Amino acid sequence: MSSDPAPEAVPVVSGPAAEVVAVAKTAVVDFANKSELLKFVTKKIAEVEILADRSDEDKAKFIIDEVKKAIRESPLSEEQKTELATWCDVSLPYVIEAVKLVKAEASKVVGVALAEVRKCCPSWFAKKA
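At position 79 of the sequence shown the residue is numbered 79 (the UniProt record's numbering), and the sequence of numbers has no breaks.
Encoded structure:
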(Lines of atoms letter the chains of each structure in order from A and count residues from 1; the text may use other names and numbers.)
(Lines give C-alpha, C1' and ligand atoms only; values in the text may rest on other atoms or scores of the structure.)
Protein backbone atom coordinates (compact mmCIF):
# COMPACT_ATOMS: atom_id res chain seq x y z
CA MET A 1 0.00 0.00 0.00
CA SER A 2 1.39 3.40 -0.96
CA SER A 3 1.98 6.15 1.60
CA ASP A 4 0.99 8.83 -0.91
CA PRO A 5 -2.01 10.88 0.19
CA ALA A 6 -5.29 10.22 -1.54
CA PRO A 7 -6.37 12.96 -3.95
CA GLU A 8 -9.11 13.93 -1.50
CA ALA A 9 -6.42 14.83 1.06
CA VAL A 10 -5.08 17.65 -1.12
CA PRO A 11 -6.91 20.91 -0.39
CA VAL A 12 -8.61 22.51 -3.36
CA VAL A 13 -7.93 26.19 -3.87
CA SER A 14 -9.95 28.31 -6.23
CA GLY A 15 -7.91 30.65 -8.38
CA PRO A 16 -4.98 30.35 -10.73
CA ALA A 17 -3.56 26.90 -11.42
CA ALA A 18 -0.19 27.91 -9.95
CA GLU A 19 -1.79 28.28 -6.52
CA VAL A 20 -3.30 24.81 -6.72
CA VAL A 21 0.06 23.33 -7.74
CA ALA A 22 1.80 25.13 -4.86
CA VAL A 23 -0.74 23.79 -2.37
CA ALA A 24 -0.46 20.30 -3.79
CA LYS A 25 3.34 20.41 -3.51
CA THR A 26 3.30 21.51 0.13
CA ALA A 27 0.49 19.17 1.13
CA VAL A 28 2.87 16.21 1.09
CA VAL A 29 5.58 17.86 3.21
CA ASP A 30 5.53 16.79 6.85
CA PHE A 31 6.69 20.01 8.49
CA ALA A 32 6.72 18.31 11.89
CA ASN A 33 9.61 16.16 10.57
CA LYS A 34 12.69 18.41 10.80
CA SER A 35 14.51 16.55 8.00
CA GLU A 36 11.61 17.10 5.61
CA LEU A 37 11.38 20.73 6.72
CA LEU A 38 15.07 21.28 5.92
CA LYS A 39 14.72 19.51 2.55
CA PHE A 40 11.80 21.80 1.73
CA VAL A 41 13.83 24.86 2.79
CA THR A 42 16.78 23.74 0.67
CA LYS A 43 14.50 23.37 -2.36
CA LYS A 44 13.10 26.87 -1.78
CA ILE A 45 16.64 28.27 -1.51
CA ALA A 46 17.55 26.61 -4.82
CA GLU A 47 14.41 27.98 -6.50
CA VAL A 48 15.19 31.52 -5.33
CA GLU A 49 18.82 31.39 -6.51
CA ILE A 50 17.66 32.12 -10.06
CA LEU A 51 16.22 35.48 -9.03
CA ALA A 52 19.30 37.46 -10.05
CA ASP A 53 17.52 40.80 -9.82
CA ARG A 54 17.12 40.53 -6.03
CA SER A 55 19.63 41.18 -3.28
CA ASP A 56 20.65 38.37 -0.92
CA GLU A 57 18.58 40.01 1.83
CA ASP A 58 15.49 40.14 -0.41
CA LYS A 59 16.02 36.51 -1.39
CA ALA A 60 16.23 35.49 2.28
CA LYS A 61 13.02 37.38 3.09
CA PHE A 62 11.29 35.78 0.11
CA ILE A 63 12.41 32.29 1.19
CA ILE A 64 11.18 32.89 4.75
CA ASP A 65 7.84 34.19 3.47
CA GLU A 66 7.40 31.18 1.16
CA VAL A 67 8.22 28.68 3.90
CA LYS A 68 5.86 30.42 6.35
CA LYS A 69 3.11 30.43 3.71
CA ALA A 70 3.55 26.68 3.15
CA ILE A 71 3.45 26.09 6.91
CA ARG A 72 0.24 28.14 7.26
CA GLU A 73 -1.35 26.04 4.49
CA SER A 74 -0.30 22.76 6.11
CA PRO A 75 -2.64 20.58 8.17
CA LEU A 76 -0.61 21.09 11.38
CA SER A 77 -2.19 22.28 14.60
CA GLU A 78 -2.13 26.02 15.28
CA GLU A 79 0.41 25.44 18.05
CA GLN A 80 2.77 23.63 15.64
CA LYS A 81 2.29 26.31 13.00
CA THR A 82 3.14 29.03 15.54
CA GLU A 83 6.23 27.12 16.68
CA LEU A 84 7.43 26.65 13.10
CA ALA A 85 6.72 30.29 12.19
CA THR A 86 8.88 31.33 15.14
CA TRP A 87 11.60 28.95 13.91
CA CYS A 88 11.37 30.65 10.50
CA ASP A 89 11.90 34.07 12.08
CA VAL A 90 14.67 33.05 14.47
CA SER A 91 16.60 30.18 12.87
CA LEU A 92 15.83 30.08 9.16
CA PRO A 93 18.01 33.13 8.35
CA TYR A 94 20.98 31.21 9.80
CA VAL A 95 20.12 28.13 7.74
CA ILE A 96 19.99 30.28 4.60
CA GLU A 97 23.37 31.83 5.45
CA ALA A 98 24.88 28.40 6.19
CA VAL A 99 23.74 27.09 2.79
CA LYS A 100 25.26 30.16 1.14
CA LEU A 101 28.60 29.61 2.93
CA VAL A 102 28.67 25.89 2.10
CA LYS A 103 28.02 26.68 -1.57
CA ALA A 104 30.87 29.22 -1.56
CA GLU A 105 33.25 26.71 0.02
CA ALA A 106 32.19 23.98 -2.41
CA SER A 107 32.87 26.37 -5.28
CA LYS A 108 36.39 26.97 -3.93
CA VAL A 109 37.03 23.23 -3.66
CA VAL A 110 35.92 22.72 -7.25
CA GLY A 111 38.27 25.49 -8.36
CA VAL A 112 41.23 23.99 -6.47
CA ALA A 113 40.47 20.50 -7.78
CA LEU A 114 40.29 21.79 -11.35
CA ALA A 115 43.62 23.61 -10.94
CA GLU A 116 45.24 20.43 -9.61
CA VAL A 117 43.88 18.36 -12.49
CA ARG A 118 45.26 20.94 -14.95
CA LYS A 119 48.68 20.62 -13.30
CA CYS A 120 48.83 16.85 -13.42
CA CYS A 121 47.07 16.36 -16.77
CA PRO A 122 47.88 19.37 -18.95
CA SER A 123 47.26 17.40 -22.13
CA TRP A 124 43.56 17.21 -21.24
CA PHE A 125 43.36 20.98 -21.46
CA ALA A 126 45.64 21.54 -24.46
CA LYS A 127 43.91 23.05 -27.45
CA LYS A 128 43.72 20.61 -30.30
CA ALA A 129 44.37 21.89 -33.79
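From the three backbone atoms N, C-alpha and C, an ideal C-beta is built for every residue, glycine too. The structure displayed is predicted, hence computed values, not measured ones.
Which same chain residues, not among the five before or five after residue i, have their C-beta less than 6 Å away from its C-beta?
| i | result |
| --- | --- |
| residue 218 | What the structure shows of the chain is the stretch from 1 to 129, and residue 218 is not part of that stretch, so it cannot be assessed. |
| residue 75 | none |
| residue 66 | 44 |
Where residue i and residue j are concerned, what is the direct C-alpha to C-alpha distance, given to the nearest angstrom?
| i | j | result |
| --- | --- | --- |
| residue 60 | residue 103 | 15 Å |
| residue 83 | residue 57 | 23 Å |
| residue 124 | residue 118 | 8 Å |
| residue 97 | residue 122 | 37 Å |
| residue 50 | residue 126 | 33 Å |
| residue 91 | residue 120 | 44 Å |
| residue 115 | residue 101 | 21 Å |
Could you pull out every residue in the same chain whose Cβ sits closer than 8 Å to the Cβ of residue i, ignoring the five residues on either side in sequence?
| i | result |
| --- | --- |
| residue 80 | 31 and 32 |
| residue 38 | 95 |
So, under 8 Å CB-CB, residue i and residue j are touching, yes? Tell me the CB distance rounded to an integer number of Å.
| i | j | result |
| --- | --- | --- |
| residue 108 | residue 88 | Their Cβ separation, rounded to whole angstroms, is 29 Å, which puts residue 108 and residue 88 out of contact at 8 Å. |
| residue 62 | residue 54 | 7 Å |
| residue 42 | residue 110 | Residue 42 to residue 110, Cβ: 19 Å. No contact. |
Tell me which residues share the same chain as residue i and place their Cβ nearer than 7 Å to its Cβ, disregarding the 5 neighbours each side in the sequence.
| i | result |
| --- | --- |
| residue 48 | 59, 62 and 63 |
Quiz prompt | Continuous alpha helix (DSSP H) assignments of at least 4 residues falling wholly in the stretch 31-102 | solution = 34-48, 56-72 and 78-90
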